[in-house]
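Engineer: Sequence order for the protein chains is R and S. Counting in UniProt numbering, the first sequence runs from 1 upward without gaps. Counting in UniProt numbering, the second sequence runs from 1 upward without gaps. Using N, Cα and C, we set each Cβ at its ideal position, and we do this for glycine too. This structure is a prediction, so every number in the text was calculated from the model and none was measured.
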Amino acid sequence: MTDWRRAELRARTPESATARTLYLTVDGWPGHLPGQHVDVRLTADDGYQAVRSYSLSAPADGDRIELSVQPAPHGEVSPYLADDFPTGAAIEVKGPLGGWFVWKPGRPDPVLLVAGGSGVAPLAAMLRARLDLGGDVPPFHLAYSLRDPGQRWFGPLLDGIAEAEDPAVTVACLYTRAAPPGHPRPVGRITAADLDLPGFRPADGPLAFVCGPTAFVERAANLLVHLGHRPDRVRTERFG
Amino acid sequence: MATLTPGFHGHRRTRGDRLPPGQFRTEDFPVLSAGPTPDIPLDRWEFTLTTESGEQHRWNWEQFQALPQQDVTTDLHCVTRWSKFDTRWRGVSLDTLLADVTTDARYALAECYGDYTTNLPLDDLRGGRAWIAHTYDGAPLAAEHGGPARLLVPHLYFWKSAKWITGLTLGRTDRRGFWEQLGYHDYGDPWREQRTWTD
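1) Looking at C-beta atoms only, is the number of pairs between the stretch 27–38 of chain S and the stretch 55–69 of chain S that lie closer than 8 Å three or more?
2) Between the alpha carbons of residue 247/R and Gly98/R, how many angstroms are there, rounded?
3) Skipping 5 residues on each side, what residues in its chain have a beta carbon closer than 8 Å to that of Thr73/S?
4) Just the Cα atoms here: how many angstroms apart are Tyr144/R and Gly167/S?
5) Let me know the alpha helix (DSSP H) ranges lying completely inside the UniProt domain "Oxidoreductase molybdopterin-binding" (35–179) of chain S, each 4 residues or longer, listed in chain order.
6) In the DSSP output, which residue or residues are listed as bridge partners for Val51/R?
7) Give a yes or no on contact between the stretch 185–203 of chain R and the stretch 142–160 of chain R, applying the rule of three or more CB pairs nearer than 8 Å.
8) Enumerate, from N- to C-terminal direction, the unbroken beta strand (DSSP E) stretches of 3 or more residues contained entirely within the stretch 153–235 of chain R.
9) To the nearest angstrom, report how far apart Ala105/S and Leu151/S are at their CA atoms.
10) Cβ of Arg238/R versus every heavy atom of the ligand ADP: is any distance shorter than 7 Å?
11) Kindly indicate which three-state DSSP category Gly188/S falls into: helix, strand or coil?
12) Compare the C-beta of Ser33/S with all C-beta atoms of chain C and state if any pair is closer than 8 Å.
13) At which residues does the beta strand (DSSP E) containing Val114/R begin and terminate?
14) How close, in whole Å, do the beta carbons of Leu224/R and Pro122/R come, if the pair is a contact with beta carbons under 8 Å?
15) Mind listing, in chain order, the continuous alpha helix (DSSP H) runs of no fewer than 4 residues lying wholly within the UniProt domain "FAD-binding FR-type" (2–103) of chain R?
16) Shorter than 8 Å from the beta carbon of Asp84/R to some beta carbon of chain S?
17) Where does Arg128/R fall in DSSP's three states?
18) According to the neighbour-count rule (16 or more other Cβ atoms, all chains shown, within 10 Å of its Cβ), is Gln56/S buried or exposed?
19) To the nearest angstrom, how far is it from the Cα of Tyr184/S to the Cα of Arg195/S?
20) Thinking C-alpha only, which one of Glu144/S, Trp191/S and Gly147/S is nearest Tyr157/S?
21) Return the chain-ordered list of same chain residues with a C-beta closer than 6 Å to the C-beta of Thr96/S, the five sequence neighbours on each side being excluded.
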């Protein structure tokens, strides 16, 4: 009835001091849309199983998927995936799951991505799918709230976007505790000014995707509504 | 056959009879919503029951608070796999709200501020199994958890317990709600793991 597929770990790379991206190949993977997630099932040698959900942090690419994992202190699954899961071993995945928090490449509307911490993972998949399209439309902007430079995930992707200086795809890091030297924005929580951007105002008809911890999503989604965005154009995904 | 995951041991929490398959227990109260949290002033809050013939029964906040209130302690099971035990709620039983309603409908569609919807069989809203809840753990229900009032149907996955509820429309046919159109199960029994269309 349920459709669990074997997923083998090929490689693991660091995103921060503790977070890791896992590169897996999945038998018979049917592909997915940016923003979707999977259920991950782990099985101990006595048959005990645990299941958790993880966002897919890369767009579809054959049988390959990427999951980005922040280990939770005393977590049952995430510390194992981040630190102990051996390359060449397998877990099982079910999916892709979720039909709401997705960006379908080909839509013309500007897209405003708003990430809090590890909530950047599904938004990175959307951003990468947009870069794969090339061209001038649709405009994309990622507002990425994070504690300090050490917590910045997907560094090569974000550095590449900064270096390209393409006005169609932009990223702003919003540091809440400590910023790199010379960073133009004062340190602090996300504000209306961080989201009030030319090309992404309500009159431009953007679609907004907000993902992060509950308190962050509440704050960011409320800022967008107060700026005049239609609530049905603000899609949210929360965790924690 | 399940794949062996070398070196994974898990936490082996006590399972007992209260944890449905595929769930893990949490002490937190996670929030899941598809969009922004709506701001609903109590003086504009309204709950409307609409029957299949179009007859409407309406309560404002004051009238709703004057109805008999029940205290409920129950376990919650979310389709994202967390379960939370012994949550404490106060609200009005659907049996009370349906008492004077004449209907042959078999289904209900819950409608919400912010345009969320979810579908349920009407029988599942009867028999002391469903409430419109306005108080959680002794305090007014917080907006991000569905306040001022949400549907509470704890024997089904928690997405059926629609936040920010403003009405129920009864019908002879089952109309899919928001998540149900996007692939979630029409019924959503946690004990049978009815998560998606294919379950």
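Structural biologist: Let me spell this out:
1) By the Cβ test, the stretch 27–38 of chain S is not in contact with the stretch 55–69 of chain S, since fewer than three Cβ pairs between them sit closer than 8 Å.
2) Outside the displayed range of chain R (1 to 240) lies residue 247/R, so it cannot be described from this structure.
3) By 1-based counting over the second sequence, the position of residue 73/S is 73. For Thr73/S, same chain residues with a beta-carbon under 8 Å away, outside a window of 5 residues either side, are Asp86, Thr87, Arg88 and Trp89 in chain order.
4) In the first sequence, counting from the first residue as 1, residue 144/R sits at position 144. In the second sequence, counting from the first residue as 1, residue 167/S sits at position 167. In this structure, the CA atom of Tyr144/R is about 37 Å from the CA atom of Gly167/S.
5) Restricted to the UniProt domain "Oxidoreductase molybdopterin-binding" (35–179) of chain S, the alpha helix (DSSP H) segments that are unbroken, complete and at least 4 residues in length are 61–65 and 94–98, listed in chain order.
6) Residue 51/R sits at position 51 when you count from the first residue of the first sequence. Answer is Arg41/R, bridged to Val51/R.
7) A contact between stretches requires three or more CB pairs, one per stretch, nearer than 8 Å, and the stretch 185–203 of chain R meets this requirement with the stretch 142–160 of chain R.
8) The stretch 153–235 of chain R contains these whole beta strand (DSSP E) runs: 169–175 and 207–213.
9) Position 105 of the second sequence, counted from the first residue, corresponds to residue 105/S. Position 151 of the second sequence, counted from the first residue, corresponds to residue 151/S. CA-CA distance, Ala105/S to Leu151/S, rounds to 19 Å.
10) As presented, the structure is devoid of all ligands, the ligand ADP included, so that no description of it is given.
11) In the second sequence, residue 188/S corresponds to position 188, counting from 1. Coil at Gly188/S, not helix or strand.
12) Given the protein chain composition of this structure (R and S), no chain C is represented.
13) Taking the first residue of the first sequence as 1, we reach residue 114/R at position 114. Counting along the chain, Val114/R sits inside the beta strand (DSSP E) bounded by residues Val111 to Gly116.
14) For the purposes of this step, residue 224/R is taken as the residue at position 224 of the first sequence. For the purposes of this step, residue 122/R is taken as the residue at position 122 of the first sequence. No, Leu224/R and Pro122/R are not in contact; Cβ-Cβ is about 17 Å, not under 8 Å.
15) Whole alpha helix (DSSP H) segments, 4+ residues: zero.
16) Taking the first sequence and counting its residues from 1, the one referred to as residue 84/R is at position 84. For Asp84/R, the answer is yes, since a Cβ of chain S falls inside 8 Å of its Cβ.
17) Within the first sequence, numbered from 1, the residue matching residue 128/R stands at position 128. Arg128/R: helix per DSSP, three-state reduction.
18) Position 56 of the second sequence, counted from the start, is the residue given in the question as residue 56/S. Using a 10 angstroms sphere on the CB of Gln56/S, the tally of other CB atoms stays under 16, which defines it as exposed.
19) As a first step, residue 184/S must be located in the second sequence, where it is residue number 184. As a first step, residue 195/S must be located in the second sequence, where it is residue number 195. Between Tyr184/S and Arg195/S, the C-alpha separation is close to 6 Å.
20) Translated into the one-based positions of the second sequence, residue 157/S becomes position 157. Ranking Glu144/S, Trp191/S and Gly147/S by Cα distance to Tyr157/S puts Trp191/S first.
21) As a position in the second sequence, residue 96/S is number 96, starting the count at 1. Apart from the 5 residues on each side of it in sequence, Thr96/S sits with its Cβ closer than 6 Å to the Cβ of Leu67 and Pro68 in its chain, given in chain order.
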